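Participant:
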Amino acid sequence: MFSKCLIVLLVAVYSCHCDSVSLGVVHDVRTTETLDWWQNAVFYQIYPRSFKDSNGDGVGDLQGIISKLPYLKETGVTATWLSPIFSSPQVDQGYDIDDYRKIDELFGNMSDFEELVREAKKLGIKIILDFVPNHTSNKHEWFIKSENKTPGFEDFYIWRDGEEGTPPNNWISEFGGSAWKWCMKRKQYYYHQFAPQQPDLNYSNPAVVKEMKDILRFWLDKGVDGFRMDAVPYLFEDPEFKDAPLARGYTECKDLSICQDKTLIMKDLDKTYDMIYQFREFIDEYVKEKKENETRVIMTEAYSSIENTMLYYQSLDGTRKGAHFTFNFNFIVYLNQKYTVDDVSNAVNKWLVFLPKGATSNWVLGNHDNHRVASRLGEANVDGFNMLTAFLPGVMVTYNGEEIGMPDGEVTYEEGADPAALKNETTFNETSRDFERTPFQWDDSEFAGFSDTKDKTWLPVGSSKSTINLKAQDKKGLKSHFNVYKQLVNFRKKHFKTVTAVDYLAIIRVSDTILQIVRQRDNVEYVYLFNMGEKDEVVDFYKKTSRYMVLVTSSNSNRKVMSWLSDKITLKSHECLIFHGMKGHNGAQSFGVSVSL
């Protein structure tokens with residue numbers, strides 16, 4: 001898939017009844033109709049602690065996930081990636097690993113994992129593991145040997161000389177405070193970009209690289225279909241360990257956690273991309289070696305500039321491949337409670353403009369580190385945004401619970417588990433990631449069908465369970481977030497060729513509150529129309545030369561699927577539609593759209 005952006009006067013596409021002419025953006029997104037399994041997939045993130053508890057201890061586990069595989073199948077999930085399940089002291093909910101080859105007892109054992117892989121494959125569901133390459137737990141055998149200077153492990157981590165109380169430089173960790181921790185045993189500092197219990201590995205040491213590739217092979221042998229690689233921008237650091245500068249716009253700063261520029265000092269170094277290319281080459285070689293005919297994928301997490309993010313796809317000259325896709329966080333980074341139509345269209349445009357030739361897009365609305373869609377963008381807009389990720393070209397990524405419109409849960413400081421947020425009670429409500437990690441709401445029972453515990457769940461169940469839960473929404477014929485989500489997945493499957501292999505994609509700002517996106521393939525065009533505003537709008541389809549059939553509607557819409565649109569409709573507040581019809585002459589869209597003022 002390649003992206004080419006043209007700024008054009010979309011008179012044929014959109015024209016308002018006013019003196020000015022609106023600008024629109026057209027993307028050439030032509031692609032082959034032969035796609036690999038992952039390129040049009042629905043990826044579903046499971047946060048194991050919060051998905052389903054099978055043994056009543058208040059924490060989700062692998063057997064709980066196994067019990068819900070039929071649900072994933074019914075929903076239309078292609079692949080599910082599990083947040084970390086490796087052995088861990090659980091300082092950072094599994095992102096502090098003390099044994100990469102062992103399942104944490106909290107979630108089960110290796111036998112449970114092998115059963116999960118077998119049962120998932122029976123249902124055609126791929127299993128992706130969350131791989132944490134940047135750091136380990138300080139309880140890991142490697143770190144214990146390194147702090148004791150055991151031969152062969154002395155340089156497994158980043159160690160620097162210094163006086164106790166005086167760190168080697170001014171580097172600040174992502175969790176706040178100095179990124180250096182004094183080790184009494186070695187009389188040196190070790191580097192940690194996250195919690196002090198998460199020391200960074202030294203990727204300049206070939207022995208570390210070999211160990212990590214061996215771990216990838218171990219899990220590939222277990223049958224996993226790929227890896228989501230966590231926090232990859234931090235794999236390498238400035239070899240001279242220079243002080244980090246202030247971010248652009250700052251001349252002085254009292255709190256470096258706010259204003260320090262880590263780029264090219266603690267993150268986004270050239271060697272980092274090379275390491276991802278090495279991981280890709282290793283996995284591709286594994287598939288070739290095993291004579292397999294199915295791709296094992298790499299997905300990378302990188303909160304970096306758009307230019308740096310795209311380098312995880314491939315090298316600048318295109319000769320080396322990296323991640324099959326690097327997560328697109330534009331909807332998370334650029335959209336908040338005060339977003340506009342322009343904000344949404346810009347988030348889409350920016351990704352497609354920078355997408356490398358041959359790369360596949362992906363669209364992420366939420367995850368375990370950011371407020372849920374219903375809380376961030378509004379519960380009334382959940383369907384509209386789920387419809388957007390399904391309508392756009394490429395991979396659709398869903399965080400568990402977004403398909404039913406779950407909002408953030410309520411968690412007090414005393415109930416919290418996020419180590420970064422717990423460092424400061426006064427800022428807990430602003431910084432905690434616990435709110436988006438509360439248990440999945442299967443029904444409206446005491447613990448929302450998540451657990452049969454007699455005590456309490458690891459995080460409290462959200463109070464919204466009484467009205468927002470799967471059982472209440474999973475009813476035939478009911479207009480609900482969940483049923484809309486299933487319609488979307490079916491839409492992608494049924495209209496595969498047009499959804500994945502289009503001639504162009506046009507993004508149009510119809511009004512201050514209405515966004516229109518048009519996708520065209522041969523003589524068929526598909527249209528997405530979303531009223532993000534608080535008022536109903538009368539929409540006039542003028543110059544229309546064909547009839548348009550409704551394919552998917554938001555749950556607040558009165559329109560029926562497979563019904564025909566009239567020339568003039570009232571688009572309700574927060575209503576969203578996907579419909580299709582035949583295009584007009586000379587390659588122009590066969591209708592215009594205006595809003596009655």
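Letter by letter, the sequence shown follows residues 1 to 597 of UniProt numbering. Every residue gets a Cβ at the ideal spot worked out from N, C-alpha and C, and that includes glycine. Computed from a prediction, not measured in an experiment: that's the story for all the values here.
Any Cβ of chain C within less than 8 Å of the Cβ of Leu129?
Facilitator: Among the protein chains of the structure shown there is no chain C, as only one such chain exists.
Participant: Counting Cβ pairs closer than 8 Å, one from the stretch 398–407 and one from the stretch 44–52, do we hit at least three?
Facilitator: They touch, by the three-pair rule.
Participant: If you draw a straight line from the alpha carbon of Ile125 to that of Lys476, how long is it in whole angstroms?
Facilitator: One C-alpha to the other measures close to 24 Å.
Participant: What is the rounded straight-line gap between the Cα of Phe279 and the Cα of Asp214?
Facilitator: Answer to the nearest angstrom: the Cα atoms are 11 Å apart.
Participant: Which residue marks the beginning of the beta strand (DSSP E) containing His580, and which one marks its end?
Facilitator: 576–582 is the span of the beta strand (DSSP E), which, as asked, contains His580.
Participant: Please state whether the Cβ-Cβ distance between Phe428 and Gly409 is less than 8 Å.
Facilitator: Against a cut-off of 8 Å, the Cβ pair of Gly409 and Phe428 comes out as no contact.
Participant: List the residues that DSSP assigns as beta-bridge partners of Leu515.
Facilitator: Per DSSP, Arg509, Phe530.
Participant: Return the CA-CA distance between Val373 and Tyr528, expressed in angstroms with no decimal places.
Facilitator: One C-alpha to the other measures close to 19 Å.
Participant: Could you tell me the distance, in whole angstroms, from the CA atom of Gln314 to the CA atom of Ala323?
Facilitator: One C-alpha to the other measures close to 7 Å.
Participant: His580 and Tyr526: beta carbons closer than 8 Å?
Facilitator: Yes, Cβ-Cβ distance for His580 and Tyr526 is below 8 Å.
Participant: Within a Cβ cutoff of 6 Å, which residues of the same chain sit near Arg118, ignoring the five residues on either side of it in sequence?
Facilitator: No residues qualify anywhere along the chain.
Participant: Please classify Ser361 as buried or exposed, where buried requires at least 16 other C-beta atoms within 10 Å of its C-beta.
Facilitator: Looking at its Cβ environment, which holds 16 or more other Cβ atoms inside 10 Å, Ser361 is buried.
Participant: Just to check my reading of the structure: Tyr234 and Asn134 have Cβ atoms closer than 8 Å, yes? What is that Cβ distance to the nearest angstrom?
Facilitator: Tyr234 to Asn134, Cβ: 5 Å. Contact.
Participant: Could you pull the start and end residues of the alpha helix (DSSP H) that Trp219 belongs to?
Facilitator: Residues 206–221.
Participant: Quick check: the Cα distance between Val297 and Gly394, rounded to an integer number of angstroms?
Facilitator: The straight-line gap from Cα to Cα measures roughly 15 Å.
Participant: Taking the beta strand (DSSP E) that Met229 belongs to, which residues open and close that run?
Facilitator: That run of the beta strand (DSSP E) goes 226–229.
Participant: What are the uninterrupted segments assigned as beta strand (DSSP E) that are 3 or more residues long and contained completely in the stretch 399–445, given in chain order?
Facilitator: As far as the stretch 399–445 is concerned, it has no whole beta strand (DSSP E) run of at least 3 residues.
Participant: In chain order, which continuous runs of the alpha helix (DSSP H) of length 4 or greater are located wholly inside the stretch 227–285?
Facilitator: If we require 4 residues or more, the alpha helix (DSSP H) runs fully inside the stretch 227–285 come out as 256–259.
Participant: With a Cβ-Cβ cutoff of 8 Å, do Gln188 and Trp159 count as a contact?
Facilitator: For Gln188 and Trp159, yes; Cβs fall inside 8 Å.
Participant: For Phe156 and Arg186, what's the separation of their Cα atoms in angstroms?
Facilitator: So the alpha carbons of these two residues sit roughly 14 Å apart.
Participant: On the DSSP letters alone, give me the boundaries of the alpha helix (DSSP H) that Gln63 sits inside.
Facilitator: Run containing Gln63: 62–67, per the alpha helix (DSSP H) assignment.
Participant: Can you tell me whether DSSP reads Gln39 as helix, strand or coil?
Facilitator: Helix at Gln39.
Participant: Near Thr553, which residues of its chain fall below 7 Å by C-beta distance, leaving aside the five closest residues on each side in sequence?
Facilitator: These residues qualify, in order along the chain: Arg559, Val561, Leu577.
Participant: Have a look at Leu377 and Phe354 and give me their C-alpha separation to the nearest angstrom.
Facilitator: Each residue's alpha carbon lies about 25 Å from the other.
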